[in-house]
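First comes the structure, then the notes that go with it.
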Amino acid sequence: MQFYGPTGSYFGYAVDFYLADSASVVIGAPKANTRQLNVKEGGSVFYCPWSLSQSDCHIIEFDTEGDRVVLLNDTEHQADFKSHQWFGATVRSHGDTILACAPLYSWRTEKDIPHSDATGTCYLSVHNFTKFVEYAPCRTGNCPGQGYCQGGFSADFTTDGKVVLGGPGSYYWQGEVITAAKEEIIKAYYPGYFMQSVKGQIQTKQVRLDHDDSYQGKKLIKMCGFYDECTSTQMGSYFGYAVATTDINSDGMTDLLVGAPMFMVRGSDGRLEEMGRVYVYQQRGPLTLELHVPHLTGTQAFGRFGSTIAPLGDLNQDGFNDVAISCPFGGEDQQGLVYIYNGYSEGLRDKPSQVITGQWAAGTIPASFGFALRGAKDLDMNGYPEFSITIVFVIHRSRPIVNTSASLTVYPTMINPEEKNCMEHSSCHECPFVCVLCVPDFQVEVQLDSHKHKQKSAVKRALFLDSQQPLLQRNVRVRHGERVCNHTKIYLRDEKDFRDKLSAIYVALNFSLNPNAAADSRGLQPILNYQTLNVIEQKAQILLDCGEDNICVPDLKLSVHGDRKEVYLGDDNSLTLTFNAKNEGEGGAYEAELYVVLPPEADYSGIARNNESLTQLTCSYETENQTRYLSCDLGNPMKSGANLWAGLRFTVPRLKDTHKTVQFELQIRSKNENNSHSEVVPYKLEVVVQADVILQGVSRPDKIFFPPANWKVTKNYGVEQDVGPAVEHIYELVNNGPSRISHTLLELRCPLSLQGHTLLYPLEFYTEGSINCTADKNMNHLQLKVSDAEIKQRSCSNAECWTVQCTVGLLEKGTTAILKVRSRIWAETFTERTYKQYVLECLARYSVKKMPYAIPPKHAPSGHKKVVTPVVWNKPDIENSVPLWIIILAILAGLLLLALLIYVLYKFGFFKRSLPYGTAMEKAQLKPQAASEA
1 MQFYGPTGSY FGYAVDFYLA DSASVVIGAP KANTRQLNVK EGGSVFYCPW
51 SLSQSDCHII EFDTEGDRVV LLNDTEHQAD FKSHQWFGAT VRSHGDTILA
101 CAPLYSWRTE KDIPHSDATG TCYLSVHNFT KFVEYAPCRT GNCPGQGYCQ
151 GGFSADFTTD GKVVLGGPGS YYWQGEVITA AKEEIIKAYY PGYFMQSVKG
201 QIQTKQVRLD HDDSYQGKKL IKMCGFYDEC TSTQMGSYFG YAVATTDINS
251 DGMTDLLVGA PMFMVRGSDG RLEEMGRVYV YQQRGPLTLE LHVPHLTGTQ
301 AFGRFGSTIA PLGDLNQDGF NDVAISCPFG GEDQQGLVYI YNGYSEGLRD
351 KPSQVITGQW AAGTIPASFG FALRGAKDLD MNGYPEFSIT IVFVIHRSRP
401 IVNTSASLTV YPTMINPEEK NCMEHSSCHE CPFVCVLCVP DFQVEVQLDS
451 HKHKQKSAVK RALFLDSQQP LLQRNVRVRH GERVCNHTKI YLRDEKDFRD
501 KLSAIYVALN FSLNPNAAAD SRGLQPILNY QTLNVIEQKA QILLDCGEDN
551 ICVPDLKLSV HGDRKEVYLG DDNSLTLTFN AKNEGEGGAY EAELYVVLPP
601 EADYSGIARN NESLTQLTCS YETENQTRYL SCDLGNPMKS GANLWAGLRF
651 TVPRLKDTHK TVQFELQIRS KNENNSHSEV VPYKLEVVVQ ADVILQGVSR
701 PDKIFFPPAN WKVTKNYGVE QDVGPAVEHI YELVNNGPSR ISHTLLELRC
751 PLSLQGHTLL YPLEFYTEGS INCTADKNMN HLQLKVSDAE IKQRSCSNAE
801 CWTVQCTVGL LEKGTTAILK VRSRIWAETF TERTYKQYVL ECLARYSVKK
851 MPYAIPPKHA PSGHKKVVTP VVWNKPDIEN SVPLWIIILA ILAGLLLLAL
901 LIYVLYKFGF FKRSLPYGTA MEKAQLKPQA ASEA
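If you read the sequence shown in the UniProt record's numbering, its first letter stands for residue 1, the second for the next number, and so on.
Structure representation (structure tokens):
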């Protein structure tokens, strides 16, 4: 049930049950406006009758007067101040008496003091609202430090009806507790008289000054008439903000619960979070409290768990009192939560049996659901106590509780996969069956291969015979005290349809009350006892070919071979691993798999298929927790005596020079309980730095012919063509990888002169790629000398050579550095000398000094290349030429000989020709014959 008060009135700030005349509720609204003259937000208390057909509330008129005045020396002075006094912040009931307090009520303690003090005041409604009396024991000027008493900040009745008030501001915030019998308060009250104390009133006294600001009395500890001192384990936790007493373990002694809603808990990240805590003190003997552990600690950050604690009586009728604890700022939308904790023989259970949220309340509800709680009252006389929750005010009615039990039987517990009759005959006694024993209107669900136990795949291994499904649902009606057993049969799928043959087939039974069952006379449906075990599991095994004990013990052996031992930085590094897997045990290995853990540098390529003797596998490539692995099926089962060879292909492209080795790990794994795995076999590869570097060279043109065309000897060279024929040498330094090179020296040496005679005139060089070169001689600027000595081919010496030195930078695999040198052959030297042939020879050398890796190379690349340009003389020999007259005489002799030959042939009739068929007569004779043949 829900009750609503004025908007903004803080309706529901305090609440209690009132059972004097009929079941009802009293609710405080400390910021409500009233009809009191010149009083703003004085606060009210509402009376709300308990009825299924009525939820209206009306104000209890405790005080109808406005601010009061007193006459001193013929002058009126305002005596008290009721605006914003928060009347209704505390509400308690006892029998036909209701106590309501205004802790911020102010009173001018002395006439000469211009300001007032928040002394607080309370009113009692007695004899079913027929009389109202005021009780303000802190309203006195005789005791210093009472001005901030705030009497009534907390209040309660003792079991014998005494009024107990807490004044946390008394004695300069040391705090004070005041108690007096309600009969004495009623007797002493006189209208218009500012009563300060009553007969028999008892109150705590001021203690030494070092107890100032201790805030005693902020919440009262009411324990069968005695008080005890309890302390918090953490400063600033607001220990004592809420207290409650009840016998939670049914030992006949009252126990104490103390809330500390701002208790801090250190989270997993090391930071403190405000969670709240409730301390439980069990009374072991008179005035002897023992702290019960573990404490009840909140789980909602800044939820203020423990702000309110309410004894509820025995909600579940198990003989132990229960407790409600609020978390007014908890929940997803911080609208508030209320936790129900059940008592038992050892104290209070550490887990709540129910969590009530504020989300179902009206849409206008503010936060702080559960800010106020009261309980332990049976309003509808159904035998179950109710409890109330605010803000907005809600009454929770207790529902009938059903105690029940159920059992689950699976028989036989060993299922034979060879037994096929169960699929054909529903009456065969060999079929496994499930028996469900349960007790009133239940909804029963039985599930085979439940999700709680993970299977290799989603395929259910067993099905119900009648439904052909792994799930069975039934509605079962059972009368009180009746025992019902429902039988149903199950069967096993065909073996080829599933893999898991070792793990148990779990049968899970879940039952609950039928939501469509009829409600009781009050419209409430029953609920199961929270301690009811409503989920039950049993299991059955699949019969294996493993002997009488049905236990297979394999002996798995694995050996591995690879087609390489080294992998190279910069290469894809194709790799084939060939393995031999054996089972030398007495039983099969079920769901046997080759498990290969790949290093981060490697990738899986596929199955090796180039060898017919190798078994073709089925493999899956997966990642789990950043570990990449390969899983290959070896059989289900991998039978005893199995011996197979297979190959796997990989690449290792992501090598780093931070590790000198790369390692694969291989293992045979099975699902057997005993001896299920082989030993892990590592296969290690060495990481190597290696580069294939070549130096290529060519001469353009490949030969120089003398004498040069259109060349004339001159003493004054104006352009480069005056020197002689051009020649260009091209050198290419190529890195064929796979690794990179980063620092290479390249040196080129060519002959410059020989015996003082210039051979070569270098003009210029230029480069392409990551190469930088310098020459030791000035280009295109040489002194020329002439000598009569014969020119011969000789090796280049330091004094007679021209040298170019180069530094080659980073060369990736497949990249080239190019050096081109252009020169002119010194033609004058060759034309003025007698020689047969000269070969111009240049020598280039390279040496790799550094490679960009932390791992040094096994062999540093180096080499050389010779480029030759033959100089060939092509000028005719004038001294050995044939005279012209001899040529003419030879021609004439040839013509004379030809004429003589023609004459001789004529004389012999060579030039005479005859007809092909003889004379004309012969032709005539031949014609008929020719015609006949035709």
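Glycine included, each C-beta is placed from N, C-alpha and C at the ideal position. Because the structure is a prediction, the values reported are computed rather than measured.
Between V867 and V698, the C-beta spacing is below 8 Å. Annotation note: the segment 700-766 contains no uninterrupted alpha helix (DSSP H) run of length 4 or greater. Between the C-alpha atoms of R284 and P352 there is a straight-line separation of about 24 Å.
In the same chain as E566, and ignoring 5 residues on each side of it, the C-beta atoms closer than 6 Å to its own belong to E686 and V688, in chain order. In the structure shown, Y903 adopts helical secondary structure according to DSSP, grouped into three states. Between L37 and F81, the alpha-carbon positions lie close to 12 Å from each other.
By the C-beta density criterion, L889 is exposed, having fewer than 16 other C-beta atoms within 10 angstroms. Of T615, L19, F579 and Y604, the smallest CA-CA separation from V680 is found for F579.
Out of Q354, D269, A301 and G43, the CA that lies nearest to the CA of F329 is found in A301. Between S676 and K557, the CB-CB gap reaches or exceeds 8 Å. For A188, the three-state secondary structure derived from DSSP is helix. Counting C-beta atoms within 10 angstroms of its own C-beta, C485 has fewer than 16 neighbours from the protein chains shown and is therefore classed as exposed.
Taking G252 as reference, the option from A260, G259, R271 and G319 with the minimal CA-CA separation is G319. Taken through DSSP and simplified to helix, strand or coil, S353 comes out as coil. With respect to the 8 Å criterion, A642 and K582 are classified as neighbours on the basis of their beta carbons.
Across the structure, G894 and L900 are spaced so that their CA atoms are roughly 10 Å apart. A distance below 8 Å between beta-carbons, with the five flanking residues on each side excluded, links K912 to no residue of its chain.
For F830, the uninterrupted alpha helix (DSSP H) segment begins and ends at A827 to T831.
Take S631, set aside five residues on each side of it, and the residues of its chain with a beta-carbon closer than 7 Å to its own are E593, Y595, C619, S620 and E622, in chain order. Note on geometry: alpha-carbon atoms of N611 and V560 lie some 16 Å from one another.
Here G88 is near A29, since their CB atoms are less than 8 Å apart.
Nearest to V323 by alpha-carbon distance, out of T246, S345 and L695, is T246. Counting only the Cα atoms, P653 lies some 15 Å from G606.
Runs of the alpha helix (DSSP H) lying entirely within the segment 107-180, each at least 4 residues long, are 170-173 in chain order. Contact check between the segment 168-177 and the segment 89-102: fewer than three CB pairs, one atom from each, fall below 8 Å, which does not count as touching.
Residue environment: N321 is assigned as buried (16 or more neighbouring CB atoms within 10 Å of its CB, all protein chains considered). When the five nearest sequence neighbours on each side are left out, the beta carbons in the same chain lying within less than 8 Å of the beta carbon of S250 are those of G319, F320, N321, G343 and S345, in order along the chain. DSSP places E800 within a helical segment (H, G or I) once states are collapsed to three. The C-beta separation of L810 from P852 comes to about 7 Å, placing the pair in contact by the 8 Å criterion. In this structure, G570 lies near R740, with their beta-carbon atoms less than 8 Å apart. Using a Cβ distance threshold of 8 Å, T576 and A608 count as a contacting pair. Here the segment 800-810 lies against the segment 736-753, with 3 or more beta-carbon pairs under 8 Å apart. For M262, no beta strand (DSSP E) encloses it, and the DSSP letter there is neither H nor E. A residue is called buried once 16 or more other Cβ atoms fall within 10 Å of its Cβ, and T119 is buried on that count. DSSP places I248 in the coil class of the three-state scheme, outside both helix and strand. Assigned with DSSP and collapsed to three states, E812 falls in coil, not helix or strand.
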